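Report on one structure; see the data block that follows.
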Amino acid sequence: MMKRQEFFIKWMKGLRIYMNLKKNMSLFDWKKAIRSSADVALASTGTSTMNWSRALMMATAREGDGAAKTMAEVLSGRKISRKSNFRLVKGKVARCSTSYHRDLVAIERQIRMLRSMVPGAEMIVNEVRLVKETLDYIAALQAQVDVMRNFVALQSRCFRSLLIGDPFLHR
63 MMKRQEFFIK WMKGLRIYMN LKKNMSLFDW KKAIRSSADV ALASTGTSTM
113 NWSRALMMAT AREGDGAAKT MAEVLSGRKI SRKSNFRLVK GKVARCSTSY
163 HRDLVAIERQ IRMLRSMVPG AEMIVNEVRL VKETLDYIAA LQAQVDVMRN
213 FVALQSRCFR SLLIGDPFLH R
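Quick note on the working numbering: the sequence shown kicks off at 63 and runs consecutively.
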């Protein structure tokens with residue numbers, strides 16, 4: 063199954079689980095349900111060896127919402143502890159005396175920024191592994207955006223057909 067199809071199926075399944083666990087949801091609850099189910103679907107379709115997918119799953123489990131934690135456990139197929147074993151690796155910044163050292167400090171600052179943007183990347187020491195994690199995370203996010211964009215387009219077409227009787231959908 064393609065990654066986008068798998069994401070969409072898990073996203074819809076996560077929304078159903080969330081709706082069954084929380085009755086009478088407010089607009090804020092809907093927003094939280096959509097975001098949490100999308101994050102869990104993204105993490106569960108990702109490569110299990112990638113840190114970002116495990117970190118995203120842990121963040122959802124730690125949200126404090128029992129429905130989000132249950133949804134994460136069902137979609138991942140395993141029990142999720144609220145305790146995280148991720149540690150922050152502190153970068154060293156040296157004094158800049160030459161242009162070489164200034165470049166190194168600038169690169170280290172950019173690597174720290176990259177680590178802060180990718181879930182679970184704080185514990186990765188190897189820069190090559192960090193780049194691989196980042197590329198995998200970007201690809202997964204792109205798939206998530208594509209699926210959500212297509213879903214919204216389909217929903218708006220269906221809504222438009224109900225309002226004006228679009229013959230496109232009645233073929």
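Every residue gets a Cβ at the ideal spot worked out from N, C-alpha and C, and that includes glycine.
Quick caveat, the model's predicted, so the values are computed rather than measured.
In chain order, 137 place their CB closer than 7 Å to the CB of residue 75, counting only its own chain and leaving out the 5 sequence neighbours on each side.
For the pair residue 100 and residue 167, the Cα-to-Cα distance works out to about 36 Å.
Going by beta carbons, residue 177 and residue 184 fall inside the 8 Å limit.
A Cβ-Cβ contact shorter than 8 Å links residue 69 with residue 107.
Between residue 79 and residue 132, the gap from beta carbon to beta carbon is short of 8 Å.
Only exposed fits residue 200, as fewer than 16 other CB atoms lie within 10 angstroms of its CB. In the three-state reduction of the DSSP assignment, residue 188 falls in the coil class.
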